[in-house]
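To keep things clear, I will list the structure first and then write my remarks on it.
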Amino acid sequence: MKNRFLKALLAVFLCLLLFDFASGAGRRLPADTLRVAFLTDQTRIHLKCSSSFTVYDTGSGRRTRFEPEVNFVITPVGEDIMIGDRKKAGRKIQISSRDSREFLRINGRRYRGSIIILNSEGTLTAVNEINIEDYLKGVLPMEISPRWPMESVKAQAIAARTYAVNNLGKYGSRGYDLTADIYSQVYAGMEVEDPRSNRAVNETRGKVIVYKGNLARSYFHSCCGGHTEDIQKVWGSDIPYFKGVYCPFCSDSPRARWYLDLSPQDIEAHLSRHGIREIETIKLLSRTGSGRVDAMKISHAGGELEVTGHAFRMTVGPNILKSALFTIGISEGPYRFYGRGWGHGVGMCQWGARGQALEGKNFREILSYYMPGTEVRRWSY
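Heads up: the sequence shown runs through residues 155 to 535, numbered per this note's numbering.
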């Protein structure tokens, strides 16, 4: 009798514990679900759904059903949120379609999963709470062409999945895991999904990159220009599978070779916060093992500034100066930068993955080439 009572008491305790874990504010979601912020600093957000939907006010615990309407406008009101012109909620709401076949539209774009709206100091942030596999379907077409050979698309799916799992909770203090831009992974919801990239996600479901049994880090870039970079030269980390490899597979990228003209005034404007004025000379002092600029010196009216090639590129703008793999032509007028590749150069070269797939390599061979010593395994979320 006593044992039965103790077992019943233990069962009640476990139920309460599980309930507390599931309902606690700020605790992590299940590991196969993430939250990605895709709109920030908004004063108006347009919501539409072809079915009825539910709005859950996380502060009060109230759930309100809304019927389909042409368009709802969500606005911040003080610290709260207004839905249309008649329903006021707290500072955080979660919106879910009541029909699994119908999807929420935010500012005209469809999104799988549910949508969280946060009032952040008087402006709105829209967050998509979504299964990782569904999230990847809105990432892949923004990273590479779904028309590329399937093995390269699968390699990208696995690399992107590994990145997502690695970065769960990255922006946890803000109420989400990732952003939908280049500072996490570019994500655009259902509107960009493609049958081929969706197939790559489905056929690699749950697969990630591991190193010695542990989840590996995952980095990738558009085109390495002939050799990937040692991560230590970019971010200072010492990771054995990111030391850089020779890559002859990306030569048909449109950014395999490029040039850029920048006037001294252009460069001064980008580097003004470092006190740069009236540039006199720019000298390249050393290169990394991959050929990228390791150190460079800018002489100007106020003195000298020595920076890494990566820091110089990021200051000028990563979409302006495509990579740190460059030389500078000597000529009158603007400085002419002759460069190769696009991106930081660490990890998988996307155009190189395409080239290897065209030669018959599969996704495992592609990923292990760029990250030696790693392997692909199915991950238990």
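For each residue, glycine too, the CB sits at the ideal point set by N, CA and C.
A quick note: this is a predicted structure, and the numbers were derived from the prediction, not measured.
Cβ-heavy atom distance, residue i to the ligand SAM, below 7 Å
i    : result
S453 : Within the structure as shown, the ligand SAM is missing, as the structure has no ligands at all.
Environment of residue i [buried if 16+ CB atoms lie within 10 Å]
i    : result
I474 : exposed
K451 : exposed
G509 : buried
E345 : exposed
I336 : exposed
T442 : buried
W389 : exposed
S391 : exposed
Whole-angstrom distance between residue j and residue i, CA atom to CA atom
i    : j    : result
W496 : G379 : 7 Å
Q419 : K515 : 47 Å
V563 : L201 : Only positions 155 to 535 of the chain appear in the structure, and residue 563 is not among them; the question remains open.
L438 : T382 : 20 Å
E434 : A410 : 30 Å
T462 : L369 : 30 Å
K241 : P295 : 37 Å
G499 : H375 : 6 Å
F491 : D415 : 6 Å
T194 : I271 : 10 Å
S306 : D288 : 19 Å
S426 : Y413 : 23 Å
S440 : V447 : 6 Å
I421 : R219 : 55 Å
G180 : S372 : With a pLDDT of only 40 at G180, under 50, the local geometry of the prediction cannot be trusted, and no value is derived from it.
F207 : D253 : 8 Å
G527 : Y365 : 7 Å
E275 : R245 : 9 Å
R198 : E221 : 20 Å
Any C-beta of chain C under 8 Å from that of residue i
i    : result
A354 : In the displayed structure, chain C is absent; only one protein chain is listed.
Where residue i sits in the DSSP three-state scheme
i    : result
F466 : helix
I247 : strand
A423 : helix
H428 : helix
G483 : strand
D288 : helix
S453 : strand
F317 : As written in the sequence, residue 317 is Tyr, which differs from the Phe given in the question. It is helical.
I298 : coil
N473 : coil
S440 : strand
E345 : helix
E529 : strand
R219 : strand
R328 : helix
Residues that residue i bridges to, as DSSP identifies them
i    : result
Q196 : L278
Y265 : L258
A311 : Paired residues: none, contrary to the question.
M236 : T229, K242
R147 : Any question about residue 147 goes unanswered here, given that the chain covers just 155 to 535.
Y337 : According to DSSP, Y337 bridges with nothing at all.
E283 : R189, S268
F207 : F220, S251
V293 : DSSP output for V293 lists no bridge partner at all.
T212 : T212 pairs with nothing; no bridge assigned.
_beta strand (DSSP E) runs wholly inside the region 480-526, at least 3 long, in chain order_ = 480-483, 489-493
_alpha helix (DSSP H) runs wholly inside the region 347-401, at least 4 long, in chain order_ = Complete alpha helix (DSSP H) runs here, min 4: 349-357, 386-389.
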